[in-house]
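To start, the structure under review is shown below, and the notes come after it.
There are 4 protein chains.
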Amino acid sequence: KDVQNERDYRNIAINKVGIKGLRYPVTVLDRNNGHQHTVASINMYVDLPHECKGTHMSRFVELLHLFRPKLSLKTFSDILNQMKAHLNAESAHIEVTFPFFIEKQAPVTASPGLMDYTCRFIGSVNSKSSVDLVSEVVVPISSVCPCSKEISDYGAHNQRGKVYLSTRFKKFIWIEDMVALVERTASCDVYSVLKRSDEKYVTEKGFSNPKFVEDIVRDIALELKADKNITWFAVGVENYESIHNHNAYACITSGQEPSLL
Amino acid sequence: KDVQNERDYRNIAINKVGIKGLRYPVTVLDRNNGHQHTVASINMYVDLPHECKGTHMSRFVELLHLFRPKLSLKTFSDILNQMKAHLNAESAHIEVTFPFFIEKQAPVTASPGLMDYTCRFIGSVNSKSSVDLVSEVVVPISSVCPCSKEISDYGAHNQRGKVYLSTRFKKFIWIEDMVALVERTASCDVYSVLKRSDEKYVTEKGFSNPKFVEDIVRDIALELKADKNITWFAVGVENYESIHNHNAYACITSGQEPSLL
Amino acid sequence: KDVQNERDYRNIAINKVGIKGLRYPVTVLDRNNGHQHTVASINMYVDLPHECKGTHMSRFVELLHLFRPKLSLKTFSDILNQMKAHLNAESAHIEVTFPFFIEKQAPVTASPGLMDYTCRFIGSVNSKSSVDLVSEVVVPISSVCPCSKEISDYGAHNQRGKVYLSTRFKKFIWIEDMVALVERTASCDVYSVLKRSDEKYVTEKGFSNPKFVEDIVRDIALELKADKNITWFAVGVENYESIHNHNAYACITSGQEPSLL
Amino acid sequence: KDVQNERDYRNIAINKVGIKGLRYPVTVLDRNNGHQHTVASINMYVDLPHECKGTHMSRFVELLHLFRPKLSLKTFSDILNQMKAHLNAESAHIEVTFPFFIEKQAPVTASPGLMDYTCRFIGSVNSKSSVDLVSEVVVPISSVCPCSKEISDYGAHNQRGKVYLSTRFKKFIWIEDMVALVERTASCDVYSVLKRSDEKYVTEKGFSNPKFVEDIVRDIALELKADKNITWFAVGVENYESIHNHNAYACITSGQEPSLL
Numbered sequence: 017k018d019v020q021n022e023r024d025y026r027n028i029a030i031n032k033v034g035i036k037g038l039r040y041p042v043t044v045l046d047r048n049n050g051h052q053h054t055v056a057s058i059n060m061y062v063d064l065p066h067e068c069k070g071t072h073m074s075r076f077v078e079l080l081h082l083f084r085p086k087l088s089l090k091t092f093s094d095i096l097n098q099m100k101a102h103l104n105a106e107s108a109h110i111e112v113t114f115p116f117f118i119e120k121q122a123p124v125t126a127s128p129g130l131m132d133y134t135c136r137f138i139g140s141v142n143s144k145s146s147v148d149l150v151s152e153v154v155v156p157i158s159s160v161c162p163c164s165k166e167i168s169d170y171g172a173h174n175q176r177g178k179v180y181l182s183t184r185f186k187k188f189i190w191i192e193d194m195v196a197l198v199e200r201t202a203s204c205d206v207y208s209v210l211k212r213s214d215e216k217y218v219t220e221k222g223f224s225n226p227k228f229v230e231d232i233v234r235d236i237a238l239e240l241k242a243d244k245n246i247t248w249f250a251v252g253v254e255n256y257e258s259i260h261n262h263n264a265y266a267c268i269t270s271g272q273e274p275s276l277l
Numbered sequence: 017k018d019v020q021n022e023r024d025y026r027n028i029a030i031n032k033v034g035i036k037g038l039r040y041p042v043t044v045l046d047r048n049n050g051h052q053h054t055v056a057s058i059n060m061y062v063d064l065p066h067e068c069k070g071t072h073m074s075r076f077v078e079l080l081h082l083f084r085p086k087l088s089l090k091t092f093s094d095i096l097n098q099m100k101a102h103l104n105a106e107s108a109h110i111e112v113t114f115p116f117f118i119e120k121q122a123p124v125t126a127s128p129g130l131m132d133y134t135c136r137f138i139g140s141v142n143s144k145s146s147v148d149l150v151s152e153v154v155v156p157i158s159s160v161c162p163c164s165k166e167i168s169d170y171g172a173h174n175q176r177g178k179v180y181l182s183t184r185f186k187k188f189i190w191i192e193d194m195v196a197l198v199e200r201t202a203s204c205d206v207y208s209v210l211k212r213s214d215e216k217y218v219t220e221k222g223f224s225n226p227k228f229v230e231d232i233v234r235d236i237a238l239e240l241k242a243d244k245n246i247t248w249f250a251v252g253v254e255n256y257e258s259i260h261n262h263n264a265y266a267c268i269t270s271g272q273e274p275s276l277l
Numbered sequence: 017k018d019v020q021n022e023r024d025y026r027n028i029a030i031n032k033v034g035i036k037g038l039r040y041p042v043t044v045l046d047r048n049n050g051h052q053h054t055v056a057s058i059n060m061y062v063d064l065p066h067e068c069k070g071t072h073m074s075r076f077v078e079l080l081h082l083f084r085p086k087l088s089l090k091t092f093s094d095i096l097n098q099m100k101a102h103l104n105a106e107s108a109h110i111e112v113t114f115p116f117f118i119e120k121q122a123p124v125t126a127s128p129g130l131m132d133y134t135c136r137f138i139g140s141v142n143s144k145s146s147v148d149l150v151s152e153v154v155v156p157i158s159s160v161c162p163c164s165k166e167i168s169d170y171g172a173h174n175q176r177g178k179v180y181l182s183t184r185f186k187k188f189i190w191i192e193d194m195v196a197l198v199e200r201t202a203s204c205d206v207y208s209v210l211k212r213s214d215e216k217y218v219t220e221k222g223f224s225n226p227k228f229v230e231d232i233v234r235d236i237a238l239e240l241k242a243d244k245n246i247t248w249f250a251v252g253v254e255n256y257e258s259i260h261n262h263n264a265y266a267c268i269t270s271g272q273e274p275s276l277l
Numbered sequence: 017k018d019v020q021n022e023r024d025y026r027n028i029a030i031n032k033v034g035i036k037g038l039r040y041p042v043t044v045l046d047r048n049n050g051h052q053h054t055v056a057s058i059n060m061y062v063d064l065p066h067e068c069k070g071t072h073m074s075r076f077v078e079l080l081h082l083f084r085p086k087l088s089l090k091t092f093s094d095i096l097n098q099m100k101a102h103l104n105a106e107s108a109h110i111e112v113t114f115p116f117f118i119e120k121q122a123p124v125t126a127s128p129g130l131m132d133y134t135c136r137f138i139g140s141v142n143s144k145s146s147v148d149l150v151s152e153v154v155v156p157i158s159s160v161c162p163c164s165k166e167i168s169d170y171g172a173h174n175q176r177g178k179v180y181l182s183t184r185f186k187k188f189i190w191i192e193d194m195v196a197l198v199e200r201t202a203s204c205d206v207y208s209v210l211k212r213s214d215e216k217y218v219t220e221k222g223f224s225n226p227k228f229v230e231d232i233v234r235d236i237a238l239e240l241k242a243d244k245n246i247t248w249f250a251v252g253v254e255n256y257e258s259i260h261n262h263n264a265y266a267c268i269t270s271g272q273e274p275s276l277l
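From first to last, the protein sequence lines stand for chains G, C, L and D.
Under the numbering used here, read the first sequence as residues 17 to 277, first letter to last.
Under the numbering used here, read the second sequence as residues 17 to 277, first letter to last.
Under the numbering used here, read the third sequence as residues 17 to 277, first letter to last.
Under the numbering used here, read the fourth sequence as residues 17 to 277, first letter to last.
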């Protein structure tokens with residue numbers, strides 16, 4: 017007896033059912049190098065009509081195993097449609113979270129190092145085969161407090177922060193471009209390698225460029241609103257305040273999220 | 017010069033700005049004991065109009081310090097209105113996450129122990145003073161796989177799972193009632209103390225009552241749909257599958273979230 | 017048949033066996049207020065002789081349920097000896113991790129707020145009833161980089177850091193004293209509420225007092241070495257560098273840990 | 017003025033100083049495929065003599081950038097010696113934590129999938145150039161409770177667990193061999209893909225093979241004690257009990273850790 021295939025009589029459809037927290041090696045697109053190897057945490061779901069008792073959990077991993085070599089925003093439509101087909105579903109949803117690395121040179125000495133950014137691709141497809149894609153990136157930054165600088169005779173408190181940027185877009189968008197947009201709006205961006213002359217540069221740049229979380233989130237929103245390719249965004253800035261044991265946070269969303277359901 | 021109070025010319029309002037991740041001791045309502053002491057992680061935000069450069073971060077913690085003795089769903093409207101007043105804001109938002117403890121007796125021996133449930137209260141108020149409250153609870157459960165039981169000559173794989181339940185409601189809702197609803201829909205509920213006769217009971221109860229994540233999420237949805245006090249819900253069930261290193265997941269939402277913005 | 021009580025023939029004793037990750041409300045000593053309510057994550061283990069097949073897991077939680085009202089370093093010997101007695105063990109070990117709150121006034125305006133510190137008590141007793149106690153605290157601090165200040169024409173990068181301090185001692189030691197020791201060695205300590213004049217104070221204090229992780233860890237070690245009550249310590253300092261996405265770390269241990277086993 | 021290079025007068029040597037939590041892509045040895053790409057979190061420390069004020073943090077990342085293509089237990093001695101040389105240190109220490117993937121076929125249908133295991137390499141070198149290497153792996157397993165099976169008329173509670181295995185060894189040891197050793201001692205091992213006939217197999221295998229955490233930790237210790245290549249080990253087993261919201265844990269260590277300091 018195939019329990020999953022039995023009829024269900026509760027008359028309640030399930031929005032999403034599937035697998036969560038599967039760790040898998042993936043290859044993602046990299047503008048400079050063609051592609052890069054990384055490791056993802058993956059969630060894959062489909063809907064389940066009211067009359068079906070259960071989904072087929074093993075098929076998610078089987079599909080992933082097939083698609084692994086070419087996982088990217090560009091192949092997400094294929095994966096989503098395969099999920100619908102193999103699981104006899106009306107809709108499908110996938111979330112892939114992974115660290116992405118970009119080689120970045122120190123600002124004065126040009127010493128090379130790799131910066132890590134946590135990224136997430138989210139894809140959904142509905143019964144009419146409309147596909148919704150979201151690209152997210154978390155970018156570490158440095159912020160210097162304008163109030164602290166203004167009121168103090170010397171110095172200004174500053175700290176590491178994180179920017180959480182989610183976008184919907186018309187044409188393919190590079191992770192590298194989302195990162196660059198965020199980094200140029202910070203008091204200063206951060207690096208993996210800094211020699212003495214670099215450290216002088218980033219200290220002075222930050223101090224000359226003090227910004228609240230409110231300033232950073234607005235400057236990012238300004239750029240995104242001016243970009244015709246961006247159709248929706250949500251941006252949050254979180255500062256790990258060096259004078260508190262809690263964080264400062266600000267977020268702006270460009271409107272309601274489109275809903276496929 | 018008060019930098020926060022300067023005029024901003026970017027013409028971009030901020031949806032939420034405030035403090036995040038503040039750990040604070042709080043007292044919450046407890047049906048059997050009047051109240052209980054616990055420790056919360058708190059986020060507090062207000063909106064910021066386009067013409068204001070910055071909010072006043074210290075006022076959030078000052079307000080919290082005043083309200084601490086009586087934090088509950090019942091006082092959330094007060095806190096939210098105070099946040100609006102003290103921060104000259106149009107809207108306010110607060111999220112309070114904490115462990116909640118319920119004394120629970122073992123099913124046969126009645127040995128007493130405490131169960132812990134992670135809870136969250138979320139409150140929002142908008143410019144028209146409409147208040148939106150959400151009560152959330154995470155309930156650990158045990159599930160036995162119906163397919164595994166059906167196809168195997170003996171045994172059935174089972175595992176710990178977690179149910180994530182969020183509700184909106186007309187009248188005040190007790191955490192204890194949300195927990196009880198979830199626990200009676202599991203293959204078996206879990207306990208902190210189980211003696212031998214209790215362990216026999218829960219093993220046999222679970223084996224007699226196999227359920228997929230799909231079954232549990234539907235049985236909870238059925239009860240919530242029948243409850244006139246519940247105006248909205250989202251329920252997710254996550255099973256830490258004992259045969260995999262990833263989880264099974266299913267969720268049902270009763271409709272669109274009401275939006276205050 | 018009582019499986020746990022069967023004889024084991026593998027001839028391998030188990031160092032520690034018991035329960036891990038039990039969340040429980042506890043009351044701990046508080047110098048100003050007598051005691052305070054908080055929530056702990058608890059691990060409890062005993063040894064298991066080579067001839068015993070299994071321990072009795074339920075007895076750990078039963079014991080904890082009895083002792084809960086008076087959990088402190090002062091009662092740890094009692095708990096440890098009860099664990100040995102109730103579980104027929106030669107040795108016992110307990111770890112209790114919890115947030116501890118201290119009311120702290122802002123440095124200029126004296127605005128009150130609560131600071132949170134993650135603490136851990138570790139206790140062990142061996143077959144000769146020697147008791148070993150360790151008290152740990154994690155203290156958030158602020159550090160200003162001396163190199164950045166020296167080489168830059170203005171400003172200096174600074175950041176939140178965490179100090180991990182573990183001590184063994186002759187007489188009872190207050191969490192409050194461990195926290196105070198750490199806070200006075202930082203570039204500046206951190207607060208939950210800071211008004212404008214406070215923020216000026218902490219900014220200037222930090223800038224006047226730049227310290228590497230190496231300086232902070234040494235200054236703490238200096239104080240601990242001078243304290244006759246401290247018989248052993250380990251101290252680590254971790255700075256969430258505002259110019260990098262990784263942390264700086266330094267640690268000093270006063271010697272070999274005493275071993276009871 | 018080079019602040020780090022100044023003389024320090026506190027007369028306190030620092031055990032470890034360096035960088036913590038650096039995320040970096042690495043390549044590790046893979047028995048079947050030669051090597052595999054993964055992503056590591058890396059800590060790198062050296063000692064600091066009492067007369068030196070500070071270390072040179074940027075050199076750690078520069079060194080790592082050079083070594084990245086060939087990071088493995090086999091190259092750890094080189095990296096450690098380079099760390100000593102480039103940082104003018106007496107001792108050096110490195111910890112590299114990463115997910116490692118092994119292709120594993122389902123037990124009946126042979127459906128292929130990837131299993132993920134969290135691994136860590138730890139290396140230290142002292143002033144006499146003695147190198148100490150530790151290889152760690154975390155292996156997810158399934159365990160069935162012998163007591164529950166014995167006392168119940170049908171069924172038995174079971175759950176996912178994790179085995180934490182650390183080893184020191186004479187000759188190079190493969191991650192794949194450490195994983196295989198752990199998996200064969202569980203009630204049943206876990207898989208990423210299981211079809212219906214596979215699920216029947218693993219359910220019945222687990223039920224026929226019930227084991228406490230005490231049994232699993234002993235069976236692993238038995239194998240390690242019999243292996244002439246293993247000079248030291250520590251093994252912990254943690255079961256995410258399906259009948260509780262806390263875990264069962266047992267550990268065995270083969271003796272005192274060798275100390276280089």
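The beta carbon of each residue, even a glycine, is placed where N, CA and C say it ideally should be.
C-alpha distance - residue 8 (chain C) paired with residue 241 (chain C), whole-angstrom precision = Since the first and last residues shown for chain C are 17 and 277, residue 8 (chain C) lies out of range.
message = Under 9 angstroms, Cβ to Cβ, is there at least one residue of chain D near residue 152 (chain C)?
response = Residue contact with chain D for residue 152 (chain C): absent (no Cβ-Cβ distance below 9 angstroms to any residue of chain D).
inquiry  = At 3 residues or longer, what runs of the beta strand (DSSP E) sit wholly inside the stretch 143–173 of chain D?
reply    = 147–160
task = Answer with buried or exposed for residue 277 (chain D), where buried requires no fewer than 16 other C-beta atoms within 10 angstroms of its C-beta.
result = For residue 277 (chain D), the predicted structure reports a pLDDT of 45, less than 50, and the residue's modelled location is therefore unreliable. A value from the coordinates is still provided. Residue 277 (chain D) should be labelled exposed.
message = Could you check whether the Cβ of residue 111 (chain G) sits closer than 9 angstroms to any Cβ belonging to chain C?
response = no
task = Tell me, please, which residues DSSP counts as bridged to residue 60 (chain G).
result = G:35 and G:110
inquiry  = Just to confirm the assignment: which complete alpha helix (DSSP H) runs, minimum length 4, are found wholly within the stretch 208–252 of chain D?
reply    = 212–223 and 229–242
task = Run the CB neighbour count on residue 27 (chain C), radius 10 Å, all protein chains shown included, and call it buried at 16 or more, exposed below.
result = exposed
query = Exposed or buried, what is residue 121 (chain D) when buried is set at 16 or more other beta-carbons lying within 10 Å of its beta-carbon?
reply = exposed
task = Measure from the C-beta of residue 137 (chain G) to each C-beta in chain D and report whether the shortest distance is under 9 angstroms.
result = no
ask   = Among D:100, D:25 and D:114, which has the Cα closest to the Cα of residue 52 (chain D)?
value = Checking every option, the nearest Cα to that of residue 52 (chain D) belongs to D:114.
ask   = So who's on the other strand from residue 176 (chain D), going by DSSP bridges?
value = Looking at the DSSP output, residue 176 (chain D) shares a beta bridge with D:158.
inquiry  = Tell me which residue opens and which closes the beta strand (DSSP E) that residue 134 (chain L) is part of.
reply    = It spans 128–141 - the beta strand (DSSP E) in which residue 134 (chain L) sits, taken as one unbroken run.
task = In angstroms with no decimal places, state the Cα-to-Cα distance between residue 203 (chain L) and residue 25 (chain D).
result = 19 angstroms
query = Are the C-beta atoms of residue 259 (chain L) and some chain G residue less than 9 angstroms apart?
reply = yes
query = Would you call the CB atoms of residue 141 (chain G) and residue 96 (chain G) closer than 9 angstroms?
reply = yes
inquiry  = Can you tell me whether residue 75 (chain C) is helix, strand or coil according to DSSP?
reply    = helix
query = Where does the unbroken beta strand (DSSP E) through residue 269 (chain D) begin, and where does it stop?
reply = Residues 263–269.
Unbroken alpha helix (DSSP H) run spanning residue 195 (chain L), endpoints = 191–201
Nearest to residue 259 (chain L) (by Cα), restricted to the options G:21, G:207 and G:102 = When only C-alpha atoms are compared, the closest one is G:207.
request  = Step through the CB atoms of chain G and report whether any lies within less than 9 angstroms of the CB of residue 103 (chain C).
outcome  = no
ask   = At a CB-CB cut-off below 7 angstroms, which residues of chain G make contact with residue 156 (chain L)?
value = 261
ask   = For a contact meaning CB atoms closer than 7 angstroms, what does residue 223 (chain L) contact in chain G?
value = Contact note: residue 223 (chain L) reaches chain G through 170 and 171, using a C-beta cutoff of 7 angstroms and chain order.
key: Cross-chain neighbours of residue 67 (chain G) in chain D, by beta carbon under 7 angstroms   = The contacting residues do not exist; residue 67 (chain G) stays about 21 angstroms from chain D at best.
task = Answer with buried or exposed for residue 252 (chain D), where buried requires no fewer than 16 other C-beta atoms within 10 angstroms of its C-beta.
result = Answer is buried; the Cβ neighbour count reaches 16.
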